[in-house]
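J.:
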Amino acid sequence: MANLTALVADDSLSARELLREALQQAGITVTESKDGDEAWQLAIKNNYDIVLTDLYLPKLDGIALTSKLRKHPDYTTTPILAVSNNKASGKKDAIREAGASGLIRLPITPAELLAVLQKLLPR
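The sequence shown runs contiguously to residue 271 in our numbering.
Structure follows, in structure tokens:
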């Protein structure tokens, strides 16, 4: 997975650190954002290979960010993972409708995250 890039959008520093460390262990270069608007601006300036977004971001939540990204030509097929530290009750349909590739729940081990990414990312 070396030479891939990821955007991690989460307002929780500890969640960003957990995801960054797991992604970096796989050789993925990580850019971090703490709100949805900033994540959107970063995404349209850079073409990331994967996006991980918290559901409950300030300014533009993860579902709206995912939906917006799916409408952008660079992100129609890019894996976008919704991230939540709760059960995301009542959000599963909205996550799917927005076009997310899946949902991961925190905490997640690096091995678990890498297993998910191996299914989604090109070899």
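We put the CB at the ideal spot given by N, CA and C, even for glycine.
These figures come from a predicted structure and were not determined experimentally.
How should K219 be labelled, buried or exposed, when 16 other C-beta atoms within 10 angstroms of its C-beta is the threshold for buried?
T.: Label assigned to K219: exposed.
J.: Under the three-state reduction of DSSP, which class applies to D241: helix, strand or coil?
T.: Helix.
J.: Keeping to the same chain, check which residues put their C-beta closer than 7 Å to that of A150; ignore five residues upstream and five downstream.
T.: G175, listed in sequence order.
J.: Give me the Cα-Cα distance between N234 and T214, rounded to the nearest whole angstrom.
T.: Looking at the two C-alpha atoms, the distance is approximately 18 Å.
J.: Sorted by chain position, which residues of the same chain lie with C-beta nearer than 8 Å to L208's C-beta, five sequence neighbours on each side aside?
T.: Correct list, in chain order: D183, G184, D185, A187, W188, K216.
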